[in-house]
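Step one of this worksheet: look at the structure below.
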Amino acid sequence: LPTETVPAVLVPTSLRRRGPLFIWAWIYDTRSSDVADLLREYGGAVIDVVSPDWYYLAEDLSVKPFENRGAEDPGFLELTRGVGVQIMPMVVSSKADRVLKLITNESAVKGFAERLVELAGRFKYVGFNIDFEVSLPAYRSEFARFVDLVAKRLHEAGLLLSVAVPAKRMEFQSAYLQTYDYELLGKTDVDYVMIMAYDYYEAAGPKPVAPLGWVEECVEYALRYIRPEKLVLGVPNYGKLWDRGGKLLR
52 LPTETVPAVL VPTSLRRRGP LFIWAWIYDT RSSDVADLLR EYGGAVIDVV SPDWYYLAED
112 LSVKPFENRG AEDPGFLELT RGVGVQIMPM VVSSKADRVL KLITNESAVK GFAERLVELA
172 GRFKYVGFNI DFEVSLPAYR SEFARFVDLV AKRLHEAGLL LSVAVPAKRM EFQSAYLQTY
232 DYELLGKTDV DYVMIMAYDY YEAAGPKPVA PLGWVEECVE YALRYIRPEK LVLGVPNYGK
292 LWDRGGKLLR
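Residue numbers for the sequence shown follow my numbering, so the first one is 52 and each next one is one higher.
So this is what it looks like as structure tokens:
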């Protein structure tokens, strides 16, 4: 992200010194010593914000921590603050039934937002990143309204909200992709829309994770509907291994 488009709460002095790039890192499990070493070396100097995969949407529509991923670990919280890194945890779900119940129930949405405000106050987060990966194309409007309502409540508390969405360069006949309406999301009060520009899906067999031409087209398509200062590009730092016969090994 260009520095001038980033809220001051997310921009440490080190970022202003080193130039225009703003780096936001996703971390699956914060218990690893490798993660701690990474933050000690690059926190503040390179990494500005981390989004640990710490929370999920429970069956009762509450927000609960992943106990097996280091959620809310005091040591990690102290480390990140010590190196000048802000925290915006993930709230994730791949359960379409739960997400549907949540986004179609305004009372549940309010409870969800209040829970985020409470967690942020307790652990000094600057906001949250919602990553609901489900197929609910008939409820795209409800999903966008959910994002808007949560963003508005978090803003009242001085917090930020981002939402992760799949990358796409056009509208495909895909229930998953159609759930995330760029035009509707672009009109919400969400602070950032994070384009997951990886796991390229338009070809079978051995292929790059994020071919450059496809990424560029996805960004251009997103910019039709989402203001550039709201757009965050998700960049992969992994690859996939295929055998000579075209079978995916890992």
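Every residue, glycine too, gets a C-beta built ideally from N, C-alpha and C.
Roughly how many angstroms separate the alpha carbons of residue i and residue j, rounded to a whole number?
i	j	result
Trp177	Glu118	The identity of residue 177 in the sequence shown is Val, whereas the question assumes Trp. Spanning the two alpha carbons is a distance of roughly 21 Å.
Arg173	Ser84	25 Å
Val136	Trp265	31 Å
Leu90	Phe127	10 Å
Tyr276	Met221	12 Å
Ser145	Asp104	13 Å
Glu193	Ser186	13 Å
Leu228	Phe73	27 Å
Leu66	Gly297	In this predicted model, Leu66 has a pLDDT of only 41, less than 50, meaning its place in the structure is not dependable; the value taken from the coordinates is given anyway. Cα to Cα, the separation comes out at about 43 Å.
Thr54	Leu212	Confidence at Thr54 is low in this model, with a pLDDT of 48, below 50, so its placement is unreliable and no value can be given for it.
Ser102	Leu205	17 Å
Ala226	Lys219	13 Å
Glu268	Pro125	41 Å
Lys175	Ala208	12 Å
Asp111	Trp77	26 Å
Glu92	Trp75	15 Å
Applying the criterion that 16 or more other CB atoms from any shown protein chain within 10 Å of the CB defines a buried residue, is residue i buried or exposed?
i	result
Val260	exposed
Gly256	exposed
Val216	buried
Ala254	exposed
Ser158	exposed
Tyr79	exposed
Lys238	exposed
Phe179	buried
Phe183	buried
Leu300	exposed
Ala122	buried
Gly133	exposed
Leu236	buried
Tyr289	exposed
If residue i sits next to residue j, beta carbons under 8 Å apart, how far is it from one beta carbon to the other, in whole angstroms?
i	j	result
Pro262	Tyr251	6 Å
Met139	Val97	Not a contact, Cβ separation roughly 17 Å.
Lys203	Asp240	5 Å
Only counting the same chain, and skipping five residues up and downstream in sequence, which positions put a Cβ closer than 6 Å to that of residue i?
i	result
Ala171	Leu210
Lys281	Tyr243, Val244
Ile181	Val142, Val214
Leu292	Leu300, Arg301
Arg82	Gly121
Gly94	Val134, Val136
Apart from the five residues on each side of it in sequence, which residues of its chain come closer than 7 Å, Cβ to Cβ, to residue i?
i	result
Leu284	Ile246, Ala248, Val270
Ala87	Leu130
Tyr272	Lys219, Arg220, Met221
Glu234	Tyr276
Residues in its own chain within less than 8 Å of residue i by CB, not counting five upstream and five downstream?
i	result
Val114	Tyr106, Tyr107, Leu108, Val142, Phe163, Arg166, Leu167, Leu170
Val160	Leu153, Ile154, Phe197, Leu200, Val201
Arg278	Gly237
Contact criterion: CB-CB distance below 8 Å. Does residue i meet it with respect to chain D?
i	result
Glu271	Included in the structure is just one protein chain, with no chain D present.
Query raised in the report: Looking at C-beta atoms only, is the number of pairs between the segment 145-159 and the segment 189-208 that lie closer than 8 Å three or more?
Result: Counting Cβ pairs under 8 Å, three or more are found: they touch.
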